[in-house]
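If you're matching positions, the sequence shown starts at 34 in our numbering and goes up one per residue.
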Amino acid sequence: MTRETAEAEAGMKGITFPAWHGKYYVTLAELLVRLGSVGLDLTWRVKFDEIVDPRCVEMASRSADAGMDTLTLLSLTTPFLQLIDAEARGFAGDELVLVLTEFDSSLWEVRAVDERVLSELRRHYPGTKDL
């Protein structure tokens, strides 16, 4: 992580919520869709602590270059892809504006520059807590 990225992330507000709601698992694809137009123009870079699916290799490869647009990332995360430890960083130009982190397939942490993103997710996911 560059110094600029660390500073940007430090200035973000964040929430956390369970990845499981009963038998229902919240996927990265679902979070991307919930972002709506806010996330559509972002460029994504994804990192994995554990590769759980061949699609993760493709995401890592695209992330090593210039990153990928939201629709490409969405196409690689559907159908159902459960991640174990992964982080998707969304950039508007060179500015980090959104970080989606999944911990151990059990918890999502979302950090964003735009409070509207967090408000939208709070409405949809019970058990959401501020960081």
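Virtual Cβ for every residue (Gly too), placed ideally from N, Cα, C.
| request: Please report the residue range of the alpha helix (DSSP H) in which E153 lies. | output: Here the question's residue 153 lines up with position 120 in the sequence shown. Where E153 is concerned, the enclosing alpha helix (DSSP H) stretches over E148 to H157.
| Which class does P112 belong to by DSSP, given the choice of helix, strand or coil? | For the purposes of this step, residue 112 is taken as residue 79 along the sequence shown, with counting starting at 1. The answer is coil: DSSP assigns P112 none of H, G, I, E or B.
| query | Along the chain, where does the alpha helix (DSSP H) that runs through E63 open and close? | reply | Taking the sequence shown and counting its residues from 1, the one referred to as residue 63 is at position 30. Looking at the DSSP string, the run of the alpha helix (DSSP H) that includes E63 is L61 to L68.
| Which partner residues does D102 have in the DSSP bridge list? | Taking the first residue of the sequence shown as 1, we reach residue 102 at position 69. Answer is T76, bridged to D102.
| said: Cutting at 7 Å between CB atoms, please list the residues of its own chain near I48, excluding the five before and the five after it. | reply: Within the sequence shown, numbered from 1, the residue matching residue 48 stands at position 15. V143, L151, L154, R155, T161, K162, D163 and L164, listed in sequence order.
| task | Mind checking who V132 pairs with in its DSSP beta bridge? | result | Numbered from 1 along the sequence shown, position 99 holds the residue referred to as residue 132. Note: V132 sits in a beta bridge opposite R122 and R144.
| query | Beta-carbon separation of V130 and A119 under 8 Å? | reply | Within the sequence shown, the letter at position 97 stands for residue 130. Within the sequence shown, the letter at position 86 stands for residue 119. Against a cut-off of 8 Å, the Cβ pair of A119 and V130 comes out as no contact.
| task | In the DSSP assignment, find the beta strand (DSSP E) that holds T161 and state where it starts and stops. | result | Numbered from its first residue, the sequence shown carries residue 161 at position 128. No beta strand (DSSP E) contains T161, which DSSP labels as neither H nor E.
| field | L116 classed as buried or exposed, judged by whether at least 16 other C-beta atoms fall within 10 angstroms | value | Along the sequence shown, one-based indexing puts residue 116 at 83. It is buried - the Cβ of L116 has at least 16 other Cβ atoms within 10 Å.
| For M34, which residues of its own chain have a beta-carbon under 6 Å away from its beta-carbon, when the five flanking residues on both sides are left out? | Within the sequence shown, the letter at position 1 stands for residue 34. Interpretation of M34 is limited by its pLDDT of 49, a score under 50 that renders its predicted location unreliable; the figure taken from the coordinates is listed afterwards. Here the set comprises nothing.
| Residues bridged to P51 (per DSSP) | Position 18 of the sequence shown, counting from 1, holds the residue named residue 51. According to DSSP, which records beta bridges pairwise, P51 is partnered with L140.
| message | Between the alpha carbons of T103 and P87, how many angstroms are there, rounded? | response | As a first step, residue 103 is located in the sequence shown; it is residue number 70 there, counting from the start. As a first step, residue 87 is located in the sequence shown; it is residue number 54 there, counting from the start. Their backbone Cα atoms lie some 19 Å apart in a straight line.
| Which two residues bound the contiguous alpha helix (DSSP H) that contains E91? | Reading the sequence shown from its first residue, position 58 is the one you call residue 91. Run containing E91: P87 to A97, per the alpha helix (DSSP H) assignment.
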